[in-house]
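Here is the structure we will look at, set down as C-alpha cells.
In the numbering used here, the protein residues as written are 113 to 939.
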C-alpha cells in the first residue's frame, strides 16, 4: 500500500467513515437513492435504526436528534445506482417497514447488535425471544432474507447453517418460496451449504420432498443446482447418485438434463490444446458424469444442444464420442441443421473411419440433404496436398511408469514438469504419476492446487477410483486417510476390484487394523454406485466376523431407509451362518451358535427384508423348516410356518402382507397371486406336510396330558391352520405319514435305528383307539378309510418297502455281532 494512502487511512476522519460503513446493517451495496447527495458518514449518523418497542418507550421523553448541517464536501460525491434486483428488494423492504400490520417491521433497520441477536437462531434455546418465533412471522420471508444476508456477511457458511437450523427446529411448518428471486436466493444458499455438508443436503432433499408431497410445489432449479454443484467440485460420482435420487419430481422433463452440460464442460477445460488438432481422445470426468446421467434418464432428446455446445467449447475433441453416445441412447438429430456443423468439422479434421461412419449415418437419416455436402467435401479433401493432411504428427502414448519417475525426480519441480507435459502435448497422466505428484505435495490444499493447474493445462487425471478418491480426500482435508492411500502398497488397478477390497475390509475388521480398515472403506465407497451396495458389503462383513448383533442392526437401518439386502448377501449369510447338513441328517453343532440359534438368526433377517422386496428362494425356506423340525424346535417351526403362509397367501389381505403396487408396472394382481401360490406349493409340498406330521409325533409324553388331545396330533392341527390361511393340503400324503407313525408305535416289533422311535414305543402310555380318535378330532373328520378302521392290524402294519426291510436286517445283524453297535446312528 502506498505511504500516502496509508497516512490518509490512519486519519481519525477516515477511521470514522470506515467504522460507519462496517456498522451499516444492510451493507453499502444497498444504500437508498435519497442519500446520493450526502457522504456516507453523514448518512450513517442521521439514519437512526429502528428500535424495539421497549427501547422506544424508555426514550420517548427525549428530543429526536436533529441533523447537523455540514458544508458541502470538497470532493465530488457520486450517486450509487443499485442494480434492479437490489432496488426491487429495497422497495419491498421500505414498504414492509412502513406497514403497521407486520410485527417484524422493526427488524429490518436494526442495529448490528440487534441483528446479531435476532439472527442467532441456530439452536432451540430461549424460544419465543426472537422475531421469527412469532407465528405471524413464520412466512415473513423479507425478515428471513434480512437475517440470512446478515448472517452470511458475518459468518459465511456457519451463518447459513444457523438460519437453516432455525427454520427447521424453531419454526413449525415453514414453506419456502419456490418462485422468484427470493426463492432462488434461499434455495441456492442452502444448496451451497449442502454441497459442503452431506447431512444438510439430505435434510434439504427430505424437506423438498415433503414440500412437494404437501403442496405440490417445488423449486425448478433444485436438480440443476445440486447435480451441477457436485460436478463443478469434481465429485462426479456423487452427482450421478443425486441425479438418480432427485430425478422425480425435481426433473420436470428428460431434456432438462442438458442444463448440467455447462458444469460438465467447465470441469475439463482444454485451454492448452488447439481445438483443430486431431488429438487422442481422453475421457473427461465431467462429460463421463453427464453421459451417466443421460443413461439414467431415458427419453431425452438433446442431441442438437449438446453437439452445438461441444463444438463451441474447448472440449471439441469430445464431440465425436459424444455423437456416438447419443446415437446409442436413441437420441438422434431432429433435422439436418443439427448435424451439419458436426459433419463439416469432421470433414475438415476428423478421423477417416469416423467420417465414413458419419456420412453413412447422415445418408440414412437424411437422404435428401447429404448429396451436395458429401461431394463438395470430397472435392475439397481431394484438392488438398497429401502432405497437408499429414501435417500433424501422431501422438505416442505417455507411459505411466515414465511419468511416475519424472514426478519422483527431486531435481524437477512441478512447474518444470508441467511445462514439459504441455510442450509434448501430453493428454493425460496415469495413477502412478498422480500418486508420485501427490506424495511430493504439501497437504490436501497443495494437491487440489496442482490438480487445478493440470486441468487448466488440458491434462486429464482420468476417472479411476484412485483419482476420484484422491480428489475427494483432498477436498475433505482428511490428511490421515490421504497419507494412507498414497503410501499404500496396493497397485492402483487393485482399487478397481470390489471383491478384493471387500475381502481386505473383512480381514482388517477382524484384525482391528482401523487405519487400513478406514482406507478400504473409503475405497469401497467410491467403488459402489449406490449406498445400498455399500451397506450390503458392511452386512457381509459383520456376518463374516461373527458380529451378528451388528449385522442385524445394519439390516434394521436399511429397512427403515427403504433399502434391502441383495441376493448375494442372503446367499453369503446362509453359507456362513448355517452349518453344513447331510441329506436326511440333522444339522451339526456350529462353532459359535447352536443349530436352533443359527436358524432363528437367518429367519429373523429374512423376515425383515422379505416385505421390503427381497426375493428368497423357496428351497431356502424349506431348509429352514427342515432344520427346525429336525432339532425339535416345534414352537419356532409353528411360528415360521404360519408367518410364511400369511405372507405368501393369495387369500390374505394384501395390504397386510405385500404392497402389490410395487409390481403394478410389470405384473397384474392375478399374476402376483399365482406366483405366491406357486411359492406356497413349493414350500409346503407333499414331503414337507408329511414331515410336519412326523415332527409332531417326536415328543415324549406323560400318561396325564394337560390338554384334551394328545400332543402327537399337533402336526395335524398346524396343517389345518395353514389350510385356513391358504395352503393346499395333500390328504393322501398326510394319511400315509400318520400310518407310518402308528406303525412305529403300535406295529409289529422291529428294531428301529432311531433313538426317539425306540423311546416313544417303550414309553407310549396311550391306547391305539385313543390315538386314532384324537387324530380324527384334530383333522376334523375321519382321516382313515372304513377299510382301514375295520382292520386295525393292517392299519398299523403297512407294507414295508425294500429299503425299510434292508435297514431292519442291517440293524438286527449289528445287534447280534457288534457290542453296542446296533444303533450307531441315533438321529
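Quick reminder that beta carbons are idealized off the backbone N, C-alpha and C, glycines included.
Computed from a prediction, not measured in an experiment: that's the story for all the values here.
{"Item": "Hey, how far is the Cα of residue 707 from the Cα of residue 744?", "Value": "11 Å"}
{"Item": "Which of the three DSSP states, helix, strand or coil, is assigned to residue 118?", "Value": "helix"}
{"Item": "Can residue 617 and residue 584 be called in contact, C-beta distance under 7 Å?", "Value": "no"}
{"Item": "Based on Cα-Cα distance, which residue from 242, 520, 747 and 850 lies nearest to residue 907?", "Value": "850"}
{"Item": "Note down, in chain order, each residue of its chain lying with its Cβ closer than 8 Å to the Cβ of residue 889, except the 5 sequence neighbours on either side.", "Value": "821 and 825"}
{"Item": "Check residue 926 in the structure and name its three-state DSSP category.", "Value": "helix"}
{"Item": "Measure the alpha-carbon distance for residue 280 versus residue 312 and round it to whole angstroms.", "Value": "11 Å"}
{"Item": "With C-beta atoms as the reference, is residue 730 less than 7 Å away from residue 794?", "Value": "yes"}
{"Item": "Taking just the CA atoms, how far does residue 289 sit from residue 340?", "Value": "22 Å"}
{"Item": "Going by DSSP, which residues form a beta bridge with residue 727?", "Value": "Per DSSP, none; premise fails for residue 727."}
{"Item": "Verify the contact flag: residue 243, CB atom, against every heavy atom of the ligand SAH, threshold strictly below 6 Å.", "Value": "Looking at this structure, you won't find the ligand SAH or any other ligand, since it has none at all."}
{"Item": "Would you kindly report the start and end of the unbroken alpha helix (DSSP H) that includes residue 403?", "Value": "397-407"}
{"Item": "Only counting the same chain, and skipping five residues up and downstream in sequence, which positions put a Cβ closer than 8 Å to that of residue 650?", "Value": "666"}
{"Item": "Based on the DSSP secondary-structure assignment, which residues constitute the bridge partners of residue 540?", "Value": "572"}
{"Item": "I believe residue 336 touches residue 372 by the beta-carbon criterion, under 8 Å. Please report the beta-carbon distance rounded to the nearest angstrom.", "Value": "7 Å"}
{"Item": "What distance in whole Å lies between the Cβ atoms of residue 841 and residue 887, which are believed to be in contact at a cut-off of 8 Å?", "Value": "Between residue 841 and residue 887 the Cβ distance is about 14 Å, and since that is not below 8 Å, they are no contact."}
{"Item": "Looking at residue 443 and residue 477, is the spacing between their C-beta atoms short of 7 Å?", "Value": "no"}
{"Item": "List in chain order: all unbroken alpha helix (DSSP H) runs of 4+ residues lying wholly within the stretch 542-615.", "Value": "543-552, 555-568, 577-588 and 591-598"}
{"Item": "Find the nearest neighbour of residue 278 within the set 298, 236 and 251, judged by alpha-carbon distance.", "Value": "236"}
{"Item": "When you compare the stretch 425-432 with the stretch 444-451, are there three or more beta-carbon pairs, one atom per stretch, that lie closer than 8 Å?", "Value": "no"}
{"Item": "Can you tell me where the alpha helix (DSSP H) holding residue 833 begins and where it ends?", "Value": "826-837"}
{"Item": "Measure the alpha-carbon distance for residue 722 versus residue 358 and round it to whole angstroms.", "Value": "26 Å"}
{"Item": "With C-beta atoms as the reference, is residue 322 less than 7 Å away from residue 334?", "Value": "no"}
{"Item": "If you reduce the DSSP assignment to three classes, tell me which class residue 712 lands in.", "Value": "helix"}
{"Item": "Kindly give me the distance between the Cβ atoms of residue 607 and residue 635, rounded to whole angstroms, as I take these residues to be in contact under 8 Å.", "Value": "5 Å"}
{"Item": "Would you say the stretch 515-534 touches the stretch 566-574, given that touching needs at least three Cβ pairs under 8 Å?", "Value": "yes"}
{"Item": "For residue 282, count neighbouring Cβ atoms within 10 angstroms of its own Cβ and tell me buried if that reaches 16, exposed if not.", "Value": "buried"}
{"Item": "Apart from the five residues on each side of it in sequence, which residues of its chain come closer than 7 Å, Cβ to Cβ, to residue 115?", "Value": "none"}
{"Item": "Since residue 643 and residue 577 should fall inside the 8 Å C-beta cutoff, what is the C-beta to C-beta distance between them, to a whole number of angstroms?", "Value": "So it is not a contact: roughly 17 Å between Cβ atoms."}
{"Item": "Mind checking residue 804: buried by the 16 CB within 10 Å criterion, or exposed?", "Value": "buried"}
{"Item": "For residue 342, collect the residues of the same chain with a Cβ closer than 8 Å to its Cβ; drop the 5 residues on either side in sequence, then sort them by chain order.", "Value": "307, 348, 350, 351 and 354"}
{"Item": "Taking the alpha-carbon positions, what's the residue 627 to residue 646 distance?", "Value": "19 Å"}
{"Item": "Would you report the Cα separation of residue 541 and residue 699, rounded to the nearest angstrom?", "Value": "56 Å"}
{"Item": "Which one of 738, 678 and 677 has the shortest CA to CA distance from residue 696?", "Value": "738"}
{"Item": "Buried or exposed: where does residue 879 fall if 16 or more other Cβ atoms within 10 Å of its Cβ makes it buried?", "Value": "exposed"}
{"Item": "For the alpha helix (DSSP H) containing residue 326, name the first residue and the last one.", "Value": "310-327"}
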